[in-house]
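Structure record follows, encoded as structure tokens.
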Amino acid sequence: MNKSLASISEQVDFDKIRDDFPILKQEVNGHRLAYLDNGASSQMPVQVADRIDHYHRYEHSNVHRGIHTLSQRATDAYEETRGKIQTFINARLKDEIIYTTGTTDSINLVANSYGGQHLGKGDEIILTEMEHHANIVPWQMIAEKTGAVIKVVPVDDSGDLDMEAYKSMLSGKTKIVSVIHISNALGTINPVKEITELAHEVDAAVLIDGAQSAPHEVIDVQELDCDFYVFSAHKMCGPTGFGILYGKKEYLDNMPPYRGGGDMIDKVSFEETTYNVAPFKFEAGTPPIAAGIGLGTAVNYLSSIGMDAIADREHALVEYLVERLKTVPGLRLIGESEHRASVASFVFDHIHASDMGTLLDKRGIAVRTGHHCAQPIMRRFNVPATTRASLSFYNTEEDIDQLIDGIKYVKTFFE
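To get the numbering used here, take the position in the sequence shown, counting from 1, and add 216.
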């Protein structure tokens with residue numbers, strides 16, 4: 217174990233923490249499981265799974281509607297998550313926390329509600345070359361409806377944004393800047409505070425896609441001063457089908473509802489309907505209650521470890537991962553930013569990523585292969601796909617060593 221990992225483990229017993237994840241103890245194809253696909257979805261600790269099970273066994277009822285005891289219990293547990301998220305990202309108000317089905321849903325909500333209201337012909341939306349499809353397609357759809365224009369910040373050979381190009385794009389026409397905090401394909405950590413400050417100088421609203429950052433870094437939306445911040449539960453030890461949209465109150469209060477139905481209404485008649493206040497005016501219909509409660513427990517779990525400790529642990533692990541990958545002959549890293557989070561993507565000229573992933577799985581190693589829903593950045597680096605190893609705090613040097621041995625094993629098939 218290198219010194220940085222050793223010193224971090226003296227503060228937090230991450231080996232003991234692994235006991236909270238029984239899925240990691242299994243064998244796959246006769247080998248110990250090395251789960252390195254956390255960028256797609258992290259694993260769930262027993263504390264979260266047990267809390268969801270408890271809801272289903274003893275609290276299952278609809279929220280916000282019933283006066284009976286079970287409904288009150290479910291509502292209280294579900295709404296407690298809103299306060300936990302407020303604290304977790306340091307939002308100013310609990311009402312600035314909107315429940316969605318995930319990061320993609322959150323971006324669609326902002327694009328349609330805020331974008332549909334504020335964009336017109338010739339207005340400009342700034343994205344970056346490294347965006348996930350979820351932060352491209354909704355803006356393309358609203359641009360087509362409104363006549364707005366999308367401008368794209370390029371990425372240099374190291375995988376960093378060209379900030380001079382970004383500065384030159386900003387103008388009075390810029391209405392929205394929507395940028396990924398940490399690239400899911402490269403691992404690059406973008407300077408989102410600076411991006412936000414520059415956007416605000418031209419009165420543009422800023423959305424930050426935090427799907428890859430909320431699980432790994434300390435997030436303070438007030439310090440960032442972003443107008444919207446979005447992320448998903450399933451990447452931060454929680455269940456699938458649930459996510460968060462943070463929005464500044466002054467924005468949310470003036471945005472129209474995105475979907476219609478129960479809970480988001482004030483009064484309904486066939487002549488006129490009036491709407492509830494934020495956050496409820498954006499939360500139509502019966503929600504995924506168990507998932508919302510599960511996210512609350514996941515946030516408690518992460519906070520009990522400490523996001524600073526998690527960030528330190530993962531930064532040390534990714535340094536070790538990159539160091540080991542660079543020792544493999546013929547392996548080429550895609551994206552080598554000095555500001556990297558817990559992701560490393562690589563290619564071989566003579567081995568397709570899908571072959572690499574398939575053969576690694578035979579050795580119990582779970583990685584992600586393909587374009588990672590980020591086709592523009594694949595084209596930027598002139599590769600059809602990469603193999604991506606993505607880490608979480610429960611990963612170990614042994615997982616990384618197993619990956620390196622697995623890569624060397626796969627290479628023997630193609631030599």
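For every residue, glycine included, the Cβ atom is placed at its ideal position computed from N, Cα and C. Only a predicted model underlies this, so the values are computations on that prediction, with no experimental measurement involved.
CA-to-CA distance, residue j to residue i, given in whole angstroms
i	j	result
M217	R248	Below a pLDDT of 50, predicted positions are generally treated as unreliable, and M217, at 48, falls in that range; the measurement from the model is reported next regardless. Answer to the nearest angstrom: the Cα atoms are 19 Å apart.
K451	S322	15 Å
L325	Y294	21 Å
H416	T390	10 Å
D615	Y251	7 Å
A560	V493	42 Å
E312	M480	15 Å
D528	P238	24 Å
D266	M594	40 Å
S382	V408	Before going on, a small fix: residue 382 reads as Tyr here, not Ser. Rounded to whole angstroms, Y382 to V408 spans 12 Å at the Cα level.
Y625	H276	49 Å
Y271	L607	30 Å
F609	E530	6 Å
T317	A327	15 Å
L309	Q302	7 Å
S570	G586	7 Å
F304	G522	11 Å
R548	E539	12 Å
E410	V418	13 Å
M471	H349	24 Å
Q227	Y315	34 Å
A532	A605	15 Å
N516	H555	28 Å
V534	A430	17 Å
V563	P592	17 Å
T502	K627	50 Å
L286	P354	38 Å
E552	Q356	29 Å
E487	H334	27 Å
S257	S387	37 Å
Q259	Y536	21 Å
K232	A514	17 Å
G255	G332	31 Å
D469	F496	11 Å
I366	E360	10 Å
Presumed contact (8 Å Cβ cut-off) between residue i and residue j, rounded CB distance
i	j	result
G454	L511	4 Å
I396	N351	6 Å
G477	A500	4 Å
E345	A364	With a Cβ gap of about 19 Å, E345 and A364 do not count as contacting.
I342	M379	The Cβ separation is near 12 Å, so there is no contact.
H432	I505	About 27 Å separates the two Cβ atoms, so there is no contact after all.
D524	V422	Contact doesn't hold; Cβ gap of about 25 Å is too wide.
R234	V371	Not confirmed; about 35 Å, so no contact.
Y467	F498	At roughly 12 Å, the Cβ-Cβ gap does not stay under 8 Å, so Y467 and F498 are not in contact.
R236	Q263	A small correction: the amino acid at residue 236 is Asp; Arg does not occupy that position in the sequence shown. About 7 Å; that satisfies the 8 Å criterion.
L575	F629	7 Å
N632	D617	There is no way to answer for residue 632, as the model of the chain reaches only from 217 to 631.
V599	I550	6 Å
C-beta atoms of residue i and residue j nearer than 7 Å
i	j	result
G375	T412	no
V446	A420	no
N306	D443	no
I581	L619	yes
T319	G508	no
R579	G622	yes
A401	H588	yes
R584	D373	no
T603	M572	yes
A557	I358	no
N406	L440	no
T362	G338	no
Per DSSP, cross-strand counterpart(s) of residue i
i	result
E243	R248
K367	I342
D253	S606
V393	I342, V422
I460	Y315, F447
I398	I405
L547	Per DSSP, none; premise fails for L547.
R556	T404
L377	V371
Chain D contact for residue i (CB, 7 Å cutoff)
i	result
I481	No chain D is present in this structure, which holds just one protein chain.
Fill in: Runs of beta strand (DSSP E) wholly within the stretch 558–625 (minimum 3 residues, chain order)
As far as the stretch 558–625 is concerned, its whole beta strand (DSSP E) runs of at least 3 residues are 559–563, 584–586, 602–606.
Worksheet item: What are the complete alpha helix (DSSP H) segments, minimum 4 residues, inside the stretch 249–323?
Response: Fully enclosed alpha helix (DSSP H) runs of no fewer than 4 residues occupy 262–270, 285–305 of the stretch 249–323, in order along the chain.
Discussion item. Which runs of the beta strand (DSSP E) at least 3 residues long sit entirely within the stretch 462–501? Give them in chain order.
Written reply: The qualifying runs are 481–484, 489–491.
Fill in: Entirely enclosed alpha helix (DSSP H) segments - the stretch 521–547, minimum 4 residues
As far as the stretch 521–547 is concerned, its whole alpha helix (DSSP H) runs of at least 4 residues are 523–541.
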